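Student: Sharing a structure here in structure tokens format.
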Amino acid sequence: MTFTFSIAFHGSALALELTPGEQAGKRLYREGLSTSDAQLTARVGASGMSVPASVLPCAGCHGTDGRGRPEGNVRPPSLDWQRLAQGKAYTDANLARAIQHGIDPAGNRLDPAMPRFELTLADQRNLTAYLKRLGEERDPGVEQSVLRLGTLLPASGPLAGAAHVVRAVLEDAIAQLNQNGGIHGRRLELVVLDPGDNPASAEQALSRLLDQEQAFALIAPMAPMLDQRLATLLEQHRVPLVGSTPRNGGSLQIFDPMPDLATQLLSLALHARDVLAVPADGLRVVYAGDEQAPLAEQVRERLQQQGLAPAPVQAFDGQPVDGEGILFLGRAQSFTELAQALQAAGRHPYLFAASSQVAGGLVKLPAQWSQRVLLAYPFVPGDWTAQGQATLAGLQQRQHLDPRQASLQVSTLCAMRLLTEALKQIGRDASRERLMAALEGLYDVDTGLTPALNFGPGRRQGMAGAHVVAVELPGPRFTAVAPYRPVPVNP
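For the record, in the sequence shown the residue sitting at position 232 is 1171 according to the numbering used here, with numbers rising by one throughout.
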């Protein structure tokens, strides 16, 4: 099936047009900010402690969709205006009294958990006007018969080949869903933009994807030049992203089916300690490339949390390094150069690395490194069920994909599986906020291709460990020596 990827502005006919006053009310509702220069305040609890309204905006408890988000034993009510006006007898005047003084139309005091906001007359009018429209507003990308997803995939450069694979997997998955009626009566539509080759062009492409193309959520983008800004931009737009990103900065907006590099190296380190008997102070974290330095420090910190005592991290400069076990971060070529430098110095420590970073350089390693190189793999063919194998084989056949690129195909399939499951759970009344909550609540998701994926409050990697695989040379040939097991976050 061939897809036409639209580059025109979508959704304007169905977008909710707000007046300037309603727009101001929306800002107050979501961010607690006034259109004036005055700082709004709110009184909290029985003591009436005063705090900035921006700390406790209405959306923080009632949600951007006004439906109310349970917090402990408190369930904020829905702010649907029809329900408020008809069922609760709210008017403009007594709504203002409830917001500012905490008294409902019947004269009862509202729950003390609800802040009492000190608003100007103009701010109160704007907020009331927006609340009357809140139930009509839809998030970008949600239309009557279409739900729009977006991604960034380079059309040229070193990542173009991988981007072609990701695009083929996404196209195929969406085609299969749409042939079966879509999700809750909506056909999925994918908008693909090229991020270019620099941070400025990538940020411009992301802005266009969200502002003009009106993408509801992002799926499996490939734009590493955005790594330093991606989390901030997603949080500004409150847009969820599902897929693997090299360095996601721990953003709550990003749901990654795969374990991050630090978690993979931690799996290797625990295997080194528990099985290979590498002493607690025998591990060394080595990185190649300045962009890997922060991650190297993060790995060392996590090793220390597990009771290991690695030496300070070291940048690889072409010279051999010390250590009985070396945890490496960097490109395949640098990994090969490190092995060569160590061999020239007569040293053969264990070398540990993530397969996604160094697998391409293994063919250049001499036989002396056989069984001394151990790699972390998030999944191995032994994880594949019969149904999972059939899914992968069908994808490869329909899209003419190389089975040797199965790792990228599987990670993209898993991202699409997570997003699809969450979209099904939130029903037809889709919002980004509800999607975020559904993704966070996914537990024991069976992909048929990986260990079960689990998320939760504050947890944004679906897998919390990796398989340990030994490399036999020449070849290379691979043998799984330790199965996947979740590694502890803290000792």
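Just so it is clear, CB atoms sit at the ideal spot from N, CA and C, and this is done for glycine as well. What you are looking at is a predicted structure, and each value in this text was computed from that prediction instead of being measured.
By a C-beta neighbour count over all protein chains shown, 10 Å radius and 16 as the cutoff for buried, is T1003 buried or exposed?
Tutor: Sequence index remark: in the sequence shown, residue 1003 carries index 64 (1-based). By the neighbour-count rule (16 or more Cβ atoms within 10 Å), T1003 is buried.
Student: Could you pull the start and end residues of the alpha helix (DSSP H) that I1038 belongs to?
Tutor: Counted from its first residue, the sequence shown places residue 1038 at position 99. Run containing I1038: 1031 to 1040, per the alpha helix (DSSP H) assignment.
Student: Buried or exposed: which applies to P1305, given that a residue is buried once 16 or more other Cβ atoms fall within 10 Å of its Cβ?
Tutor: Translated into the one-based positions of the sequence shown, residue 1305 becomes position 366. Classification for P1305: exposed.
Student: Roughly how many angstroms separate the alpha carbons of N1187 and I1193, rounded to a whole number?
Tutor: The count along the sequence shown starts at 1 and reaches residue 1187 at position 248. The count along the sequence shown starts at 1 and reaches residue 1193 at position 254. With a pLDDT of 45 at N1187, under the threshold of 50, the predicted position of this residue should be treated as unreliable, and no value is reported.
Student: What number of angstroms, rounded off, separates the C-alpha of Q1282 from the C-alpha of L1290?
Tutor: Residue mapping note: residue 1282 aligns to position 343 of the sequence shown, counting from 1. Residue mapping note: residue 1290 aligns to position 351 of the sequence shown, counting from 1. If you take the alpha carbons of Q1282 and L1290, they lie about 12 Å apart.
Student: Thinking just about the alpha-carbon of each residue, which of Q1167, A1107, L995, E961 is nearest to the one in G1345?
Tutor: Indexing the sequence shown from 1 puts residue 1345 at position 406. It is Ala, not Gly, that sits at residue 1345 in the sequence shown. It is A1107 whose Cα lies nearest to the Cα of A1345.
Student: For a quick check, are the C-beta atoms of P1288 and G1262 less than 7 Å apart?
Tutor: Locating residue 1288 in the sequence shown gives position 349, where the first residue counts as 1. Locating residue 1262 in the sequence shown gives position 323, where the first residue counts as 1. At the C-beta level, P1288 and G1262 come within 7 Å of one another.
Student: For V1252 and chain D, any beta-carbon pair shorter than 7 Å?
Tutor: Here there is only one protein chain, and chain D is not present.
Student: Considering only residues of the same chain and omitting the five flanking positions on each side of R1286, which have a CB-CB separation below 7 Å?
Tutor: Your numbering for residue 1286 matches position 347 in the sequence shown. If we look at R1286 and ignore the five residues flanking it on each side, its Cβ neighbours are P1259.
Student: Among the candidates A1101, S1370, P1413, K1071, whose CA atom is the shortest distance from the CA of R1077?
Tutor: Taking the first residue of the sequence shown as position 1, residue 1077 is located at position 138. Cα-wise, what sits closest to R1077 is S1370.
Student: For L972 and I1038, I'd like the C-alpha separation in whole angstroms.
Tutor: Walking along the sequence shown from the start, residue 972 turns up at place 33. Walking along the sequence shown from the start, residue 1038 turns up at place 99. Cα-Cα distance, rounded: 15 Å.
Student: According to DSSP, is S989 helix, strand or coil?
Tutor: Your numbering for residue 989 matches position 50 in the sequence shown. Strand.
Student: Between Q1400 and D1136, is the Cβ-Cβ spacing less than 7 Å?
Tutor: Taking the sequence shown and counting its residues from 1, one reaches residue 1400 at position 461. Taking the sequence shown and counting its residues from 1, one reaches residue 1136 at position 197. The answer is no: Cβ separation not under 7 Å.
Student: Would you report the Cα separation of A1139 and T1418, rounded to the nearest angstrom?
Tutor: On the sequence shown, residue 1139 is found 200 positions in, with the first residue counted as 1. On the sequence shown, residue 1418 is found 479 positions in, with the first residue counted as 1. So the two alpha carbons sit approximately 43 Å from each other.
Student: Checking 7 Å against the spacing of the C-beta atoms, do E938 and V1085 come in under that value?
Tutor: Outside the displayed range of the chain (940 to 1430) lies residue 938, so it cannot be described from this structure.
Student: What residue does the alpha helix (DSSP H) around I1113 start on, and which one ends it?
Tutor: As a working note, residue 1113 is residue 174 in the sequence shown. Run containing I1113: 1099 to 1118, per the alpha helix (DSSP H) assignment.
Student: Give the secondary structure of N1187 by DSSP, where H, G and I count as helix, E and B as strand, and everything else as coil.
Tutor: In the sequence shown, the residue the question calls residue 1187 occupies position 248. Note that N1187 has pLDDT 45, beneath the 50 cutoff, so the model's placement of it is unreliable and the number below is only indicative. DSSP places N1187 in coil when its eight states are reduced to three.
Student: Residues in its own chain within less than 6 Å of D1019 by CB, not counting five upstream and five downstream?
Tutor: Taking the sequence shown and counting its residues from 1, one reaches residue 1019 at position 80. Answer for D1019: G1074, listed in chain order.
Student: Name the residue from Q1231, G1121, A1032 whose alpha carbon lies nearest to the alpha carbon of Q1167.
Tutor: Here the question's residue 1167 lines up with position 228 in the sequence shown. Ranking Q1231, G1121, A1032 by Cα distance to Q1167 puts Q1231 first.
Student: Compare the Cα-Cα distances from V990 to each of T1090, Q1272, C997, L979 and report the closest residue.
Tutor: Residue 990 sits at position 51 when you count from the first residue of the sequence shown. Cα-wise, what sits closest to V990 is L979.
Student: Please name the residue or residues paired with G1395 in a DSSP beta bridge.
Tutor: Reading the sequence shown from its first residue, position 456 is the one you call residue 1395. BP columns for G1395 point to R1398.
Student: Quick test of the definition: if touching needs 3 or more C-beta pairs under 8 Å, does the segment 1170 to 1178 touch the segment 1387 to 1398?
Tutor: no
Student: In the DSSP assignment, what residue or residues form a beta bridge with H1406?
Tutor: Walking along the sequence shown from the start, residue 1406 turns up at place 467. Looking at the DSSP output, H1406 shares a beta bridge with Y1316.
Student: Report the option in D1111, V1426, L1388 whose CA atom is closest to the CA atom of Q1203.
Tutor: For the purposes of this step, residue 1203 is taken as the residue at position 264 of the sequence shown. Closest option to Q1203, Cα to Cα, is V1426.
Student: Measuring CB atoms only, is the segment 1404 to 1418 touching the segment 1308 to 1327, in the sense that at least three cross pairs come out at less than 8 Å?
Tutor: yes
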